[in-house]
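Mind the numbering: the sequence shown is residues -27 to -1, 1 to 316 in mature numbering (1 follows the signal peptide of the UniProt record, and there is no 0), read in order. C-beta: ideal position from N, C-alpha, C; glycine also.
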Amino acid sequence: MKSMWGFQKIIALSCLGAMLLPAAARQQPGHFPVAVAAASKKPKFVSKHGQLSVKGTQLVDKNGAPVVLRGLSFGWHSLWPRFYNERAVQWLQADFNCNVVRAAMGIEVGERSYLKDPAFSKERITAVIDGAIKANLYVIVDWHSHNVNLAEAKAFFGEVSKKYGQHPNVIYEVFNEPDDETWDEVKAYAEEVIKVIRQNDPDNIILVGSPHWDQDVNLPAANPIKGQQNLMYTMHFYAATHQKALRDRTDEALKSGLPIFISESAGMEASGDGPLNYAAWQEYIDWMEANRLSWITWSVSDKDETCSILKKTASATGHWKDEDLKESGLKVREYLRKYNTEK
């Protein structure tokens, strides 16, 4: 009787445990629980690598060992704010193997852009930053604009660096994609914003854009920002449009000593639409891996375009099934699972 009672007790406790699970964990068998189990086995990436820095052109960890960050960018917060939450960040870690995420704060675009609603904007960006810190990921705080907004950028990055500067997780991207600005204009802007950040955070990585949507990396290579450490310069590509000539230009910038970070990329045309060019995308992936360049893919959003990785059926908080992912979402998840293999 004692052994039978013990067996019954085990069954009862198991049922009670299942009842106490959050509702999300009791959905379809093998879906969310698998992700939770996977997340529990994930390496504590930031705990392991800690404070990042730049050595020559290479991103290195606290021990001076080369490190490559690979992950996804959220779409403009002002257009797809529903995805800006902690659980979505956790899902990108657990299911996509991201070791970095990018929070793209829309500055001018949308009714709830930073210029129109700064409180809402900071709330959404903070949700992603906090989620990344909890998930042990690096997080890029992206000033997602094509124009110079110096006073607003200084105020924002001053506030963010004061709040989060003690966390090695945080990377600052001070100008997403300059378009028609000259390098002299971008450089002067970046130097002012960098000074504000460094008053609060002397160490974390700062990313600086270059003219012509982050393609003219030859310009900062010829005239880089002086007197600052742990700066990297961003290059963006869309593989169906930007092919070998952009890689060659970037190779020359690297040879000159310019540290490069690919903070936005994807496999379709530069418009964000059109078919994926798998061969051209793979050429870029092979090139980035050979050069140990960190890369981010665009974007966690559900717009009717190729580069938005999600369909309208996708929940705000992750737990996406294959049928919730577009072709680009399935492919970037494949890439991230393949290359982010650190255990």
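Quick one: does the C-beta of residue i sit closer than 8 Å to a heavy atom of the ligand HEM?
| i | result |
| --- | --- |
| ARG75 | Among the components of this structure there are no ligands whatsoever, and the ligand HEM is therefore not found. |
From the DSSP output, in three-state form, read off residue i for me.
| i | result |
| --- | --- |
| LEU110 | coil |
| LEU(-12) | Low per-residue confidence applies at LEU(-12): pLDDT is 39, beneath 50, and the placement is therefore not dependable, though the value from the model is reported in the following sentence. Helix at LEU(-12). |
| TRP116 | strand |
| ARG75 | strand |
| ALA(-5) | Below a pLDDT of 50, predicted positions are generally treated as unreliable, and ALA(-5), at 37, falls in that range; the measurement from the model is reported next regardless. Helix at ALA(-5). |
| TRP260 | helix |
| PHE234 | strand |
| LYS21 | helix |
| ARG265 | coil |
| GLY44 | strand |
| ALA218 | helix |
| SER281 | coil |
| LEU180 | strand |
| SER272 | strand |
| HIS4 | Confidence is the limiting factor: at HIS4 the pLDDT is only 38, short of 50, which leaves the residue's position unreliable, though a coordinate-based value still follows. HIS4 falls in the coil class under three-state DSSP. |
| ALA105 | helix |
| PRO151 | coil |
| ALA253 | helix |
| ALA38 | coil |
| GLU296 | helix |
| SER13 | Reliability fails at SER13, whose pLDDT of 47 lies under 50, so the model's placement of it is uncertain and the value that follows must be treated cautiously. Helix. |
| ALA92 | helix |
| ALA239 | strand |
| ASP187 | helix |
Pull up the distance between the alpha-carbon of residue i and that of residue j, whole angstroms please.
| i | j | result |
| --- | --- | --- |
| LEU88 | VAL73 | 26 Å |
| GLU307 | PHE69 | 8 Å |
| SER94 | SER51 | 7 Å |
| LEU110 | TRP64 | 12 Å |
| LEU227 | THR314 | 26 Å |
| HIS22 | LEU42 | 11 Å |
| GLY230 | SER288 | 43 Å |
| LEU283 | VAL112 | 21 Å |
| ASP157 | ILE102 | 31 Å |
| VAL166 | GLU296 | 42 Å |
| LYS285 | TRP293 | 11 Å |
| GLN(-20) | LYS107 | A caution first: GLN(-20) carries a pLDDT of 39, below 50, which makes its placement in the model unreliable, though a value can still be read off. Those two C-alpha atoms are separated by around 38 Å. |
| GLY200 | ASP174 | 15 Å |
| TYR251 | PRO54 | 29 Å |
| ALA11 | GLU225 | The predicted position of ALA11 is uncertain, since its pLDDT is 45 and thus under 50; no value can be drawn from it. |
| GLN202 | ALA67 | 33 Å |
| GLU256 | ALA218 | 12 Å |
| ARG310 | CYS71 | 8 Å |
| GLY48 | ALA38 | 31 Å |
| LEU32 | ASP277 | 35 Å |
| ARG265 | LEU25 | 15 Å |
| VAL40 | ILE178 | 13 Å |
| HIS119 | MET261 | 25 Å |
| LEU180 | LEU204 | 6 Å |
| PHE234 | GLU84 | 30 Å |
With 16 other CB atoms within 10 Å as the buried threshold, where does residue i fall?
| i | result |
| --- | --- |
| ILE301 | For the sequence presented, residue 301 should be read as Ser rather than Ile. SER301 is buried by the Cβ-count criterion. |
| PRO248 | exposed |
| GLU242 | buried |
| ASN149 | buried |
| GLU146 | buried |
| THR270 | buried |
| ASP176 | exposed |
| LYS160 | buried |
| LEU(-12) | Its pLDDT being 39, under 50, LEU(-12) is placed unreliably by the model, and the measurement read from it follows with that caveat. Flag for LEU(-12) reads exposed. |
| ASN142 | buried |
| ARG(-2) | Residue placement at ARG(-2) cannot be trusted, given a pLDDT of 33 that sits under 50; what the coordinates show is reported in the next sentence. When all chains shown are included, ARG(-2) counts as exposed. |
| GLN172 | exposed |
| ALA128 | exposed |
| GLY29 | exposed |
| ALA100 | buried |
| ALA92 | exposed |
| SER238 | buried |
Starting from residue i and walking both ways along the alpha helix (DSSP H), at which residues does that stretch end?
| i | result |
| --- | --- |
| GLU300 | 300 to 312 |
| TYR162 | 156 to 173 |
| PHE129 | 123 to 137 |
| GLU59 | 59 to 67 |
| PRO193 | 191 to 195 |
Can you name the start and end residues of the beta strand (DSSP E) that residue i belongs to?
| i | result |
| --- | --- |
| LYS28 | 26 to 28 |
| TYR145 | 143 to 146 |
| TYR211 | 204 to 211 |
| VAL33 | 31 to 33 |
Please confirm if residue i has its CB atom under 9 Å from at least one CB of chain B.
| i | result |
| --- | --- |
| TRP53 | Annotation note: the requested chain B is absent from the structure, which comprises a single protein chain. |
Inspect the beta-carbon positions of residue i and residue j and report whether they are closer than 9 Å.
| i | j | result |
| --- | --- | --- |
| THR207 | SER236 | yes |
| TRP254 | GLY245 | no |
| ILE80 | VAL114 | no |
| GLY104 | VAL62 | yes |
| MET78 | HIS117 | yes |
| TYR96 | VAL121 | Note on identity: in this sequence residue 96 is Glu, with Tyr being the wrong assignment. Going by C-beta atoms, GLU96 is not nearer than 9 Å to VAL121. |
| VAL190 | THR214 | no |
| SER267 | ASP275 | no |
| VAL27 | PRO232 | yes |
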